[in-house]
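Take 964 as the starting number for the sequence shown in this note's numbering and just add one per residue.
Glycine included, every Cβ here is placed at the ideal spot set by N, Cα and C.
Each remark here refers to the structure printed beneath this line.
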Amino acid sequence: RPLNEAIRAVTETTADQFMADTKALGCLEPDVQPRATDNIAEMIAIIQTLIANKHAYVADGEVLFSVTSMPDYGRLSNRTLDEQQAGARVAVEAHKRNPGDFVLWKLSSADEPGWDSPWGRGRPGWHIECSAMSNRYLGETFDIHGGGLDLIFPHHENEIAQSRCAFGHDVMANVWMHNGFLQVEGEKMSKSLGNFITISELLETKNFGSNKWHGYVVRLAMLRSNYRQPIDWTVDALVEMRKALFNWTTNAIGFEPTKVSEDVLEALSDDLNTAAAVAVIHNLNRAAANRTNAEACAEMSATLRFLGIWNGERPDDIFSYGYDVQSGPSDADVAPLITDRLAARAVKNWSESDRIRDELVAMGIQLKDAKDPATGELTTTWEVKR
């Protein structure tokens, strides 16, 4: 149908951008990338099973999951049914048997996307899509399910309910891994605060520090924090990770990779403790002793490749990304920003002055402020900080 096709065209653009971004970050391409719209028949089949098993019912043109039909519903989020009802995102409607019951299938109007089903032309609920696709490609149960902390309830809780009640297992996934939120300069990232930054903006435009950032630096900046904890996205952190990666790759380049660090593997085996793994690499870098310890350098080479933060390219390509690799930023890049910073300081616009300073730091620039002996006016010189 034309409307469904139009929606697919929009999602294709988003998907293409996502794949380009993850490739730049060094992520491997998934074996399977299912689309919800390609799995409507699988969703309908699961809904029919849930109705037959008395875990779902049809009311007022919708199919709803009955939360009271599952004795331990709420186990993942550790909430009682009363707490879940109070936190439900959907409005309580008269046709629900229980306020916590959630939609599996809803009717679509003529101007909404829809597919034919035993219950009329409609579209699936938010949660059933994931149960259908995971079952099709991973099986009725599988090892690891990931997602953000904000998805624990209701999304993941309802996924579990659908899958367990449809297939008769005690679990949907054996391990649940929930990541913390993203913060920017100490504040939660949101469009309302104006601090919403995308990966593509970091990689392709002069944004967030007025610099392009290499995908490996962005990846390392994410890995420096444990996945369960908030990531505080700051210019200083990017600068720090770029400097660290430059030092590491300087020691690793030219050495044939041997074995991956056992300590790094041990850290990753401990609930994917990437923060500890980064600390191990710092120690390994010290052991490399300015390329005089060949064994440590070769181990560094293998470990960086294993973590997807280096592929053997020369360090300058990472450190000076976005600028000439021999000289770094030119005076033409830096001088206008210094002029603007001095002008902001002259009118005591300290926030603007600090913002411009952060941009220069992100470019790898070290500023030196001093007073002109003759005039007493502030002057600023700069150099590339290596």
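Q: If I'm right that Ser-1316 touches Ala-1307 with Cβ under 8 angstroms, what's the distance once you round it to whole angstroms?
A: The pair is a contact, with the Cβ atoms about 4 angstroms apart (cut-off 8 angstroms).
Q: Provide the residue(s) that pair with Pro-1087 in DSSP beta bridges, ordered along the chain.
A: Trp-1068.
Q | 7 angstroms Cβ shell around Ile-1123 - same chain, five flanking residues per side excluded | A | Leu-1039, Met-1135
Q: Specify the secondary structure class of Val-973 as computed by DSSP and reduced to three states.
A: The answer is helix: DSSP assigns Val-973 an H, G or I state.
Q | Proximity winner among Glu-1276, Leu-1044, Phe-981, relative to Gly-1217 (alpha-carbon distances) | A | In this structure, Glu-1276 is the residue among Glu-1276, Leu-1044, Phe-981 with its C-alpha nearest to the C-alpha of Gly-1217.
Q: Could you name the residues of the same chain whose beta carbon sits closer than 6 angstroms to that of Asn-967, not counting the 5 residues immediately before and after it, in chain order?
A: Residues Pro-1076 of the same chain have their beta carbon placed closer than 6 angstroms to that of Asn-967, with the five preceding and five following residues left out of the count.
Q: State buried or exposed for Gln-1192, treating a residue as buried only when at least 16 other CB atoms are found within 10 Å of its CB.
A: That one is exposed.
Q: Can you check the segment 1253-1329 for any alpha helix (DSSP H) of at least 4 residues that lies completely inside it and give the ranges in chain order?
A: Whole alpha helix (DSSP H) segments, 4+ residues: 1257-1269, 1278-1282, 1294-1309, 1313-1325.
Q) Skipping 5 residues on each side, what residues in its chain have a beta carbon closer than 7 angstroms to that of Arg-1254? A) Within the same chain, Arg-1254 has close Cβ partners Asn-1214, Cys-1260.
Q) What three-state label does DSSP hand Asp-1217 in the structure shown? A) According to the sequence as given, residue 1217 is Gly; it is not Asp. The answer is coil: DSSP assigns Gly-1217 none of H, G, I, E or B.
Q. By a C-beta neighbour count over all protein chains shown, 10 Å radius and 16 as the cutoff for buried, is Ser-1314 buried or exposed?
A. exposed
Q. On the three-pair Cβ rule with 8 angstroms, is the segment 1175-1194 touching the segment 1232-1245?
A. yes
Q: Measure the beta-carbon distance from Ala-1250 to Asn-1256 and round it to whole angstroms, keeping in mind my assumption that it falls under 8 angstroms.
A: 6 angstroms
Q) Going by beta carbon distance, what residues of the same chain come within less than 6 angstroms of Arg-1304, once the five residues before and after it are set aside? A) Ser-1316, Ile-1319
(Q) Ignoring anything shorter than 3 residues, give me the beta strand (DSSP E) runs that lie fully in the segment 1100-1173, in order along the chain. (A) 1105-1111, 1136-1142, 1145-1147
**Q.** Alpha-carbon to alpha-carbon, Ala-1019 and Ile-1010
**A.** 8 angstroms
Q) With DSSP run on the structure shown, which of helix, strand or coil describes Glu-968? A) helix
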